[in-house]
């Protein structure tokens, strides 16, 4: 909360929303839609129609004694250019480290991410233009970070969250005392989906990383 308040001083806003639950994907959304609708659904999906399907999928998993994972997208707006370093303190590296420090997070991509692997350079280069004296890019495939340094465009981060393995279904394991293979059933309350919970942690982590770099660079 303190980090977000500090970011408000330099007009930086962080949006976070769920874009996928167990293969059910939200449509592409505008910033206005994300800002308006993300907190209206239990799963924090700004595509409200798809959010209902996601909720149904989670309920289904719970009834089956199972769990599901998903993908979270974070967007940081109005980040000043120049945050980060070219080698050891890259902004994207620090974001990746912060996200992967969160339990259940198993993957992070920035901008187009793994999509770059299926493209040609001519298709994904973010060409430059001038707008009211400021340099901007026609596209934002790099996700607001180039060479480890913010370029002034929105920073876009996606995080993959695994389904929790602590479920009601029987599962095989090893009894360490007896050195035997056994099958167990984990009793108690089980979360069928932890994506909405992880989302707020990701949001906080991104805020902390941006504040850290803003303080280092002197913009805060």
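Residue numbers (the numbering used here): 1155 to 1374.
Beta carbons are placed, not taken as given, at the ideal position from N, Cα and C, and that holds for glycine.
Alpha-carbon to alpha-carbon, residue j and residue i
| i | j | result |
| --- | --- | --- |
| residue 1373 | residue 1213 | 46 Å |
| residue 1255 | residue 1311 | 15 Å |
| residue 1251 | residue 1279 | 25 Å |
| residue 1273 | residue 1265 | 13 Å |
| residue 1164 | residue 1232 | 8 Å |
| residue 1187 | residue 1194 | 11 Å |
| residue 1367 | residue 1347 | 32 Å |
| residue 1328 | residue 1336 | 6 Å |
| residue 1242 | residue 1271 | 24 Å |
| residue 1224 | residue 1338 | 26 Å |
| residue 1162 | residue 1364 | 12 Å |
| residue 1389 | residue 1166 | With the chain running from 1155 to 1374 in the structure shown, residue 1389 is simply not present. |
| residue 1276 | residue 1190 | 35 Å |
| residue 1381 | residue 1263 | Not covered by the structure: residue 1381. The range shown for the chain is 1155 to 1374. |
| residue 1316 | residue 1172 | 13 Å |
| residue 1300 | residue 1202 | 33 Å |
Residue i at chain D interface by Cβ criterion, 8 Å
| i | result |
| --- | --- |
| residue 1176 | Checking the listed chains, one finds no chain D in this structure; it contains a single protein chain. |
For residue i, the three-state DSSP class (helix, strand or coil)
| i | result |
| --- | --- |
| residue 1225 | strand |
| residue 1378 | For the chain, the structure presents residues 1155 to 1374; residue 1378 sits outside this window and is missing. |
| residue 1367 | helix |
| residue 1169 | strand |
| residue 1180 | coil |
| residue 1231 | strand |
| residue 1175 | strand |
| residue 1341 | coil |
| residue 1238 | strand |
| residue 1261 | strand |
| residue 1155 | coil |
| residue 1200 | coil |
| residue 1219 | coil |
| residue 1244 | coil |
| residue 1164 | coil |
| residue 1213 | helix |
Nearest neighbour of residue i, chosen from the options [CA to CA]
| i | options | result |
| --- | --- | --- |
| residue 1176 | 1241, 1314, 1323 | 1314 |
| residue 1179 | 1227, 1293, 1322, 1231 | 1227 |
| residue 1174 | 1229, 1159, 1303, 1222 | 1222 |
| residue 1238 | 1208, 1276, 1303 | 1303 |
| residue 1318 | 1215, 1245, 1363, 1329 | 1215 |
| residue 1305 | 1352, 1358, 1344, 1246 | 1246 |
| residue 1320 | 1287, 1301, 1192, 1344 | 1344 |
| residue 1281 | 1185, 1192, 1295, 1240 | 1295 |
Test item: CB-CB of residue i and residue j under 8 Å
| i | j | result |
| --- | --- | --- |
| residue 1356 | residue 1170 | yes |
| residue 1297 | residue 1309 | yes |
| residue 1324 | residue 1196 | no |
| residue 1229 | residue 1361 | no |
| residue 1352 | residue 1258 | yes |
| residue 1236 | residue 1322 | no |
| residue 1208 | residue 1359 | no |
| Enumerated in chain order, which unbroken segments of the beta strand (DSSP E) with a length of 3 residues or greater are wholly contained in the stretch 1264-1335? | DSSP runs (the beta strand (DSSP E)) wholly in the stretch 1264-1335: 1282-1285, 1288-1291, 1309-1315, 1325-1329.
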